[in-house]
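Those sequence lines, one after another, are chains A, B and C. Position one of the first sequence corresponds to residue 14 (our numbering), numbered consecutively onward. Position one of the second sequence corresponds to residue 234 (our numbering), numbered consecutively onward. Position one of the third sequence corresponds to residue 80 (our numbering), numbered consecutively onward. Where is the CB? At the ideal position from N, CA and C, for every residue including glycine. Structure record follows, encoded as structure tokens.
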Amino acid sequence: MAKAKEQTSATIDPVAACAPEWTDILRQMVLIRRFEEATEREFRKGRIGGYLHVYSGQEAVASGIITALQKDDIVFTGYRDHAHALALGTEPRRIMAELFGKATGVSKGKGGSMHLFDVEHGFYGGYGIVGGHLTLAAGAAYALRYRQTERIAVCYFGDGAMNIGSFHEAMNMAGLWGKAGMCPILFIIENNGYAMGTSVERHSALTDLSARVRAYNIPTEKVDGQDVFAVRGVADRVVRQIRETGTPYCIEAVTYRFSGHGAADILQPYRSKDEVEQHRHRDPIGILRNRLGEICNLTDDDVKTIEEWASGEVAAAVQFAEESAAPDAGELWRDVVAEQGPARENE
Amino acid sequence: MADIIMPKMGDAMTEGKVVRWYKKSGDAVKKGEPLLEIETDKVNLDLEAEQDGTLGNVAAEAGQMVEVGGVLATILGAGEKAAPRQEPSAEAAPARRAIDKKDSIKKSTGEYAEAIDMKAPRIDRTAAASSEPVPQDAGGRKRSSPLARKMAREMGVTLEQVQGSGPGGRIVANDVKNFKPAAASPQKAKTPSLPPIQKLETKEIPLSAMRRTIARRLAESTGPIPHFYLTADYDVTNLLSLREQLNEIEGIKTSVNDFIVRAAALALRHHPNVNASWGDEAIKQHGEIHIGIAVSTPEGLITPVVRNADQKSVTDISNEVRSLADKAKNRKLTPNDYQGSTFTISNLGAWGIEQFTAIINPPNVAILAIGATSAQPVVVDRQVVIRDRMKVTMSCDHRVVDGALGAEYLRTLRSYLEQPVRLVL
Amino acid sequence: MTEKSYRDAIRDAMMEEMDRDGNVLIMGEDIGVYEGTFRITAGMLKKYGPKRVIDTPIAEAGMVGTAVGMAMLGLRPIVEMMTMNFAIVAADQILNHAAKVRYFSGGQVDVPVVIRGPQGAGVQLSAQHSQTFESFYAHFPGLKVVAPATPADAKGLLKTSIRGRDPVIFLESAALYGMKGEVPDDAGFTVPFGVSRVAREGSDVTIVSYSRMLQMSLIAAEKLSRDEGIECEVIDLRTLRPLDLEPACASVTKTHRCVVVQEQWKPFGAAAEIAASITETVFDELDAPVARVTGEDVPMPYARNLEVLATPHEQHVIAAVKKVMYANG
Numbered sequence: 014m015a016k017a018k019e020q021t022s023a024t025i026d027p028v029a030a031c032a033p034e035w036t037d038i039l040r041q042m043v044l045i046r047r048f049e050e051a052t053e054r055e056f057r058k059g060r061i062g063g064y065l066h067v068y069s070g071q072e073a074v075a076s077g078i079i080t081a082l083q084k085d086d087i088v089f090t091g092y093r094d095h096a097h098a099l100a101l102g103t104e105p106r107r108i109m110a111e112l113f114g115k116a117t118g119v120s121k122g123k124g125g126s127m128h129l130f131d132v133e134h135g136f137y138g139g140y141g142i143v144g145g146h147l148t149l150a151a152g153a154a155y156a157l158r159y160r161q162t163e164r165i166a167v168c169y170f171g172d173g174a175m176n177i178g179s180f181h182e183a184m185n186m187a188g189l190w191g192k193a194g195m196c197p198i199l200f201i202i203e204n205n206g207y208a209m210g211t212s213v214e215r216h217s218a219l220t221d222l223s224a225r226v227r228a229y230n231i232p233t234e235k236v237d238g239q240d241v242f243a244v245r246g247v248a249d250r251v252v253r254q255i256r257e258t259g260t261p262y263c264i265e266a267v268t269y270r271f272s273g274h275g276a277a278d279i280l281q282p283y284r285s286k287d288e289v290e291q292h293r294h295r296d297p298i299g300i301l302r303n304r305l306g307e308i309c310n311l312t313d314d315d316v317k318t319i320e321e322w323a324s325g326e327v328a329a330a331v332q333f334a335e336e337s338a339a340p341d342a343g344e345l346w347r348d349v350v351a352e353q354g355p356a357r358e359n360e
Numbered sequence: 234m235a236d237i238i239m240p241k242m243g244d245a246m247t248e249g250k251v252v253r254w255y256k257k258s259g260d261a262v263k264k265g266e267p268l269l270e271i272e273t274d275k276v277n278l279d280l281e282a283e284q285d286g287t288l289g290n291v292a293a294e295a296g297q298m299v300e301v302g303g304v305l306a307t308i309l310g311a312g313e314k315a316a317p318r319q320e321p322s323a324e325a326a327p328a329r330r331a332i333d334k335k336d337s338i339k340k341s342t343g344e345y346a347e348a349i350d351m352k353a354p355r356i357d358r359t360a361a362a363s364s365e366p367v368p369q370d371a372g373g374r375k376r377s378s379p380l381a382r383k384m385a386r387e388m389g390v391t392l393e394q395v396q397g398s399g400p401g402g403r404i405v406a407n408d409v410k411n412f413k414p415a416a417a418s419p420q421k422a423k424t425p426s427l428p429p430i431q432k433l434e435t436k437e438i439p440l441s442a443m444r445r446t447i448a449r450r451l452a453e454s455t456g457p458i459p460h461f462y463l464t465a466d467y468d469v470t471n472l473l474s475l476r477e478q479l480n481e482i483e484g485i486k487t488s489v490n491d492f493i494v495r496a497a498a499l500a501l502r503h504h505p506n507v508n509a510s511w512g513d514e515a516i517k518q519h520g521e522i523h524i525g526i527a528v529s530t531p532e533g534l535i536t537p538v539v540r541n542a543d544q545k546s547v548t549d550i551s552n553e554v555r556s557l558a559d560k561a562k563n564r565k566l567t568p569n570d571y572q573g574s575t576f577t578i579s580n581l582g583a584w585g586i587e588q589f590t591a592i593i594n595p596p597n598v599a600i601l602a603i604g605a606t607s608a609q610p611v612v613v614d615r616q617v618v619i620r621d622r623m624k625v626t627m628s629c630d631h632r633v634v635d636g637a638l639g640a641e642y643l644r645t646l647r648s649y650l651e652q653p654v655r656l657v658l
Numbered sequence: 080m081t082e083k084s085y086r087d088a089i090r091d092a093m094m095e096e097m098d099r100d101g102n103v104l105i106m107g108e109d110i111g112v113y114e115g116t117f118r119i120t121a122g123m124l125k126k127y128g129p130k131r132v133i134d135t136p137i138a139e140a141g142m143v144g145t146a147v148g149m150a151m152l153g154l155r156p157i158v159e160m161m162t163m164n165f166a167i168v169a170a171d172q173i174l175n176h177a178a179k180v181r182y183f184s185g186g187q188v189d190v191p192v193v194i195r196g197p198q199g200a201g202v203q204l205s206a207q208h209s210q211t212f213e214s215f216y217a218h219f220p221g222l223k224v225v226a227p228a229t230p231a232d233a234k235g236l237l238k239t240s241i242r243g244r245d246p247v248i249f250l251e252s253a254a255l256y257g258m259k260g261e262v263p264d265d266a267g268f269t270v271p272f273g274v275s276r277v278a279r280e281g282s283d284v285t286i287v288s289y290s291r292m293l294q295m296s297l298i299a300a301e302k303l304s305r306d307e308g309i310e311c312e313v314i315d316l317r318t319l320r321p322l323d324l325e326p327a328c329a330s331v332t333k334t335h336r337c338v339v340v341q342e343q344w345k346p347f348g349a350a351a352e353i354a355a356s357i358t359e360t361v362f363d364e365l366d367a368p369v370a371r372v373t374g375e376d377v378p379m380p381y382a383r384n385l386e387v388l389a390t391p392h393e394q395h396v397i398a399a400v401k402k403v404m405y406a407n408g
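Encoded structure:
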């Protein structure tokens with residue numbers, strides 16, 4: 014069985030921690046939070062349809078990993094996918110437009126919240142069937158190595174995805190292909206404690222989730238998913254290793270979602286208000302902000318500037334989405350199968 | 234100032250109910266303080282103030298249903314004043330309008346219609362005439378294959394005469410091909426001899442690809458109903474003299490129009506496709522002939538209907554029209570009196586109009602515009618004589634009635650109007 | 080032209096394409112070392128090595144899912160299903176992912192994956208291993224569904240499948256693997272999708288079919304010609320999605336009678352779709368209702384006599400032809 018590392022806590026080098034990059038990460042996480050708040054507001058107004066799953070509380074997991082990647086690395090995730098697109102650099106307005114079902118959306122208004130897609134920025138999609146994308150990501154990693162590139166794939170999934178067959182099939186094949194150096198993939202368990210409304214204790218016979226991954230010969234590491242320093246620290250090291258060896262690795266990020274499972278999850282009978290309140294004290298944005306304040310002299314004014322910038326970005330995104338046109342009727346029939354013409358170079 | 238709106242709490246939620254207000258207009262409120270309780274199809278929950286301030290006008294009272302996004306109240310910041318309160322009325326703001334289920338269905342079909350950018354004209358909005366059950370002939374119609382029917386149409390064979398050899402007596406192509414008419418073929422004499430009157434039945438004639446194309450193209454070029462017009466000039470000398478003779482009988486008082494109604498109805502029996510309606514999938518031929526008659530009233534035009542006009546005498550028609558016109562003028566018509574026409578006649582002869590065109594009355598596919606009769610010099614047997622003439626203009630829906638069919642109809646009508654004795658047979 | 084078996088035609092197609100394009104690879108259960116249960120992939124591991132001929136675990140969802148991911152990243156994977164009956168284990172990957180990712184991404188990716196394998200009844204494999212799946216897959220937009228009836232078509236259509244940009248369900252008839260026929264040698268030979276062919280000309284009745292049932296229909300047509308003097312025109316659809324019914328409709332315009340033949344269950348089957356479309360298109364030409372010849376509406380039994388009863392045979396086609404000719408008796 015592969016090796017496990019215990020919960021990694023961040024060891025902070027004050028010089029590195031005060032690099033301007035950390036302020037950028039704070040900006041990104043604040044942007045994600047403001048963006049998600051806006052999506053909830055717009056959903057309540059009835060301007061966003063379908064399902065809506067927001068990422069608030071888990072920002073450090075998206076930002077801590079994705080900022081450690083190279084530009085041409087690729088990311089797959091499930092349906093709680095807005096943050097990953099934002100972290101990869103997709104314009105907020107194109108995501109919001111997608112949520113509004115507009116032609117200017119990343120997926121031309123045909124995917125919606127669950128199916129953000131931005132190949133140009135390395136985002137290979139949000140997927141709506143729990144666990145379904147894990148095998149895709151493993152295959153994509155194989156293709157990256159097959160084509161002799163140095164790129165790696167990252168695949169996010171929740172604790173709830175670990176009970177479905179696809180998870181096990183993907184892990185086994187990734188582990189198998191990893192033996193030949195043919196599967197450069199980083200799996201991220203976004204362990205937020207709940208599969209929808211069913212807690213880990215109630216959905217998993219074995220609550221040490223990463224133990225199941227190790228059973229497939231993939232090394233794992235557990236990290237405090239609220240501490241972006243910790244997440245990023247592990248990511249930097251692990252990403253390098255995956256790139257060099259072509260073998261898979263798995264990070265279990267222990268995190269917490271502040272909002273309901275989806276926008277319709279109002280009552281949340283599966284957890285208490287107290288529990289949510291307690292976790293709010295470990296807000297990843299607060300943790301990062303305090304840390305930067307303590308050791309890098311980040312001031313309240315700096316934070317305010319960041320907050321205002323993020324709010325402005327999000328307001329502009331909402332306005333853009335609102336003003337954009339709906340897809341034209343012809344879009345209905347487009348992209349069902351390939352149009353006539355030369356094959357696309359997917360790369 | 235911030236609006237408190239009915240929030241969407243679930244993927245399928247379209248409306249919510251105000252259960253109770255914890256605050257009333259004018260109360261100071263604090264951010265996070267519960268303002269009211271709402272009820273959705275799934276849950277009851279409290280809505281909290283999103284900012285400090287004063288509760289302004291409450292726009293939705295307890296018990297009221299409000300659609301998602303509808304304003305429930307406003308929170309006023311320091312120094313802001315509430316907008317003047319609007320009394321609830323029948324035309325209350327859409328945001329507060331209680332939604333009934335039918336309405337939301339209408340809304341969604343509306344969106345669908347928009348999305349598919351419907352170009353096809355939709356005419357048949359009233360189904361009154363067609364909603365009556367069609368009496369089933371005891372004999373039932375003869376079964377036949379589509380190919381046999383097509384061949385019969387092309388060969389001019391009536392399927393009634395053909396013996397079917399297929400299962401259940403189905404007439405198949407071979408039966409039509411081998412069919413030998415018992416009698417000599419029908420005479421092809423010219424007017425005034427009439428084609429055999431067909432047995433009427435309510436039926437739908439599926440649209441052929443060609444018919445669809447004709448319909449679409451004509452409709453696109455000229456609006457929902459592609460009209461065209463045919464005018465005929467009839468010699469009604471005999472008709473006028475017949476009317477005079479009839480009116481000499483005690484208690485009978487007919488108008489020229491009554492004769493025209495009967496003539497038009499009888500002529501329709503020969504041309505079932507004129508007694509028809511357009512539908513997107515099929516042309517519906519009506520099994521009964523109901524003639525609408527345009528009557529002007531102070532409120533505007535209305536078209537009371539003489540039902541089964543082909544089965545009524547001129548005097549019956551006369552009495553009925555008079556009573557309908559009276560009702561119309563006294564606004565006593567019931568929907569049953571004016572719905573369900575299959576064909577319409579508009580007569581402006583009394584106004585001295587010589588000739589005009591009328592707009593088709595959907596779902597009819599044709600209308601007759603009757604002009605005034607006037608004495609005209611006419612050449613008969615190389616001699617100038619004075620005859621009474623009347624111009625009739627037929628407006629046709631080209632999707633259903635082609636030029637030749639309209640012309641044939643007017644020719645049949647001529648045979649009745651110029652030989653009016655047929656009308657009292 | 081060389082005479083080849085249906086099996087060899089399939090292998091030739093794959094190897095020609097693997098020679099032609101380094102991004103083509105094949106994966107499946109026991110296709111490498113074991114050389115395939117039907118020996119379609121014999122010799123391939125030796126020639127192309129384990130990176131291009133991948134022996135997978137018994138994990139259909141994993142196979143198809145990883146292949147979809149590979150396809151999205153520029154490879155052209157062929158997934159061999161040991162039998163198509165196992166592919167329904169991967170239904171989520173095929174129907175929810177392969178068929179839809181192009182659409183919900185707004186056209187940002189191609190998914191050139193071919194899922195191929197044998198299907199069909201006839202050798203006492205009983206209920207779980209005797210099914211056919213064309214109507215199941217052809218229901219879904221985003222997929223292409225191919226069902227070749229001859230060695231030449233097997234080769235030409237498979238090459239088109241591999242070179243395409245969309246997920247293809249390539250349904251091979253296990254019963255036809257040994258069938259021989261003339262196959263063009265030209266490496267550039269392909270057969271386009273959505274082009275039906277007239278497999279036999281005739282004037283009395285149109286028979287529409289594909290895959291093994293097409294071959295059976297041809298036998299029935301010969302018997303009808305010899306014994307009854309009835310000349311059937313037989314149309315080979317080749318692909319069910321896209322579906323080309325133009326030759327079938329043109330033929331019905333000539334014959335005025337139509338029989339559709341499929342191997343599996345009648346309700347909601349391919350024949351139902353084909354018959355309805357023909358009726359919609361050339362209704363006025365029909366002198367009889369379109370008849371369907373299908374398997375019995377039961378799970379496939381094991382006992383040979385029951386299996387024979389459950390599957391369609393020439394005499395069913397002959398009876399259907401006579402029925403639409405009104406020539407019962």
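Item to check | Span separating the alpha-carbon of ARG329(B) from that of ARG46(A) | outcome: Sequence index remark: in the second sequence, residue 329(B) carries index 96 (1-based). Sequence index remark: in the first sequence, residue 46(A) carries index 33 (1-based). Low confidence applies here, because ARG329(B) scores a pLDDT of 37, under 50, leaving its location unreliable and the question unanswered by this model.
Next on the checklist: Considering only their Cβ atoms, is the gap separating GLY188(A) from ASN361(A) smaller than 8 Å?
Outcome noted: Residue 361(A) lies beyond the residue range present for chain A, which begins at 14 and ends at 360; the question has no answer from this structure.
Checklist entry - Applying the criterion that 16 or more other CB atoms from any shown protein chain within 10 Å of the CB defines a buried residue, is ASP350(B) buried or exposed? => result The residue labelled residue 350(B) in the question sits at position 117 within the second sequence. Low per-residue confidence applies at ASP350(B): pLDDT is 46, beneath 50, and the placement is therefore not dependable enough to give any value.
Next on the checklist: Am I right that ASP274(B) and GLY243(B) are in contact with their C-beta atoms under 8 Å? What's the rounded C-beta distance?
Outcome noted: Reading the second sequence from its first residue, position 41 is the one you call residue 274(B). Reading the second sequence from its first residue, position 10 is the one you call residue 243(B). A Cβ-Cβ separation of about 7 Å places ASP274(B) in contact with GLY243(B) under the 8 Å criterion.
Next on the checklist: On the CB-based measure, 16 or more other CB atoms within 10 Å of its CB, does VAL613(B) come out buried or exposed?
Outcome noted: Locating residue 613(B) in the second sequence gives position 380, counting from the first residue. When all chains shown are included, VAL613(B) counts as exposed.
Checklist entry - Is it buried or exposed for GLN518(B), if we count other Cβ within 10 angstroms and need 16 for buried? => result Here residue 518(B) is taken as the residue at index 285 of the second sequence, counted from 1. The residue in question, GLN518(B), is buried, as its Cβ has 16 or more Cβ neighbours within 10 Å.
Item to check | For CYS168(A): DSSP bridge partner residues | outcome: What you label residue 168(A) is simply residue 155 of the first sequence in a count that begins at 1. As DSSP reads the structure, CYS168(A) sits in a beta bridge with PHE89(A), PHE200(A).
Checklist entry - By Cβ distance, which residues of its chain are closer than 6 Å to ILE458(B), with the 5 residues on each side in sequence left out? => result Stepping through the second sequence from its first residue, residue 458(B) is reached at position 225. Closer than 6 Å at the Cβ level, and outside the excluded window around ILE458(B), lie ILE593, ASP630.
Item to check | Near-chain C residues of the segment 371–392 of chain B - C-beta to any C-beta below 8 Å | outcome: For the segment 371–392 of chain B, which is checked against every Cβ of chain C, the residues closer than 8 Å are SER378, PRO379, LEU380, ALA381, ARG382, LYS383.
Item to check | Burial state of TRP584(B), where buried means 16 or more other Cβ atoms lie within 10 Å | outcome: Mapped onto the second sequence, residue 584(B) falls at position 351. Its Cβ having fewer than 16 others within 10 Å, TRP584(B) is exposed.
Next on the checklist: Quick check: what's the CA-CA separation for PRO136(C) versus LEU250(C)?
Outcome noted: Numbered from 1 along the third sequence, position 57 holds the residue referred to as residue 136(C). Numbered from 1 along the third sequence, position 171 holds the residue referred to as residue 250(C). A direct Cα-Cα distance of roughly 22 Å separates PRO136(C) from LEU250(C).
Item to check | ILE405(C) at chain B interface by Cβ criterion, 8 Å | outcome: Locating residue 405(C) in the third sequence gives position 326, where the first residue counts as 1. Position check: residue 405(C) holds Tyr in this sequence, whereas Ile was assumed. Judged by the 8 Å Cβ criterion, TYR405(C) is in contact with chain B.
Item to check | LYS130(C) (DSSP reduced to helix, strand or coil) | outcome: If you number the third sequence from 1, residue 130(C) lands on position 51. In this structure, LYS130(C) counts as coil in the three-state DSSP scheme.
Checklist entry - With 8 Å set as the bound, which would you pick, yes or no: does the beta-carbon of PRO156(C) sit closer than that to a beta-carbon of chain B? => result Counting from one through the third sequence, the residue named residue 156(C) turns up at place 77. Taking Cβ atoms only, chain B never reaches closer than 8 Å to PRO156(C), which makes this a no.
Item to check | Reduced DSSP secondary structure (H/G/I, E/B, other) of TYR256(C) | outcome: In the third sequence, residue 256(C) corresponds to position 177, counting from 1. Coil at TYR256(C), not helix or strand.
Item to check | Reference LEU324(C), options GLU307(C), PHE272(C), ALA399(C), GLN394(C), closest by Cα | outcome: Counting from one through the third sequence, the residue named residue 324(C) turns up at place 245. When only C-alpha atoms are compared, the closest one is PHE272(C).
Next on the checklist: Run through chain A and tell me which residues come within less than 8 Å of LEU278(B), C-beta to C-beta.
Outcome noted: For the purposes of this step, residue 278(B) is identified with residue 45 of the second sequence, where counting begins at 1. Those within 8 Å of LEU278(B) in chain A are ILE279, LEU280.
Checklist entry - chain C partners of ARG347(A), CB-CB under 7 Å? => result Position 334 of the first sequence holds residue 347(A). Neighbourhood of ARG347(A) in chain C, by CB distance below 7 Å: GLY186, in chain order.
Next on the checklist: Which of the three DSSP states is assigned to GLU328(A) in this structure?
Outcome noted: Numbered from 1 along the first sequence, position 315 holds the residue referred to as residue 328(A). Correcting the residue identity first, residue 328(A) is Ala in this sequence and not Glu. Reduced to three states, the DSSP call for ALA328(A) is helix.
Item to check | Where GLN41(A) sits in the DSSP three-state scheme | outcome: Position 28 of the first sequence holds residue 41(A). Three-state DSSP puts GLN41(A) in a helix.
Checklist entry - Comparing alpha-carbon positions, which option in SER529(B), PRO505(B), LEU479(B) lies nearest ASP190(B)? => result Beyond the ends of chain B as shown, which are 234 and 658, falls residue 190(B); an answer cannot be given.
Checklist entry - Could you give the residue range of the alpha helix (DSSP H) that holds THR373(C)? => result One-based indexing of the third sequence puts residue 373(C) at position 294. First-last for THR373(C): 370–374, but that is the beta strand (DSSP E), not the alpha helix (DSSP H).
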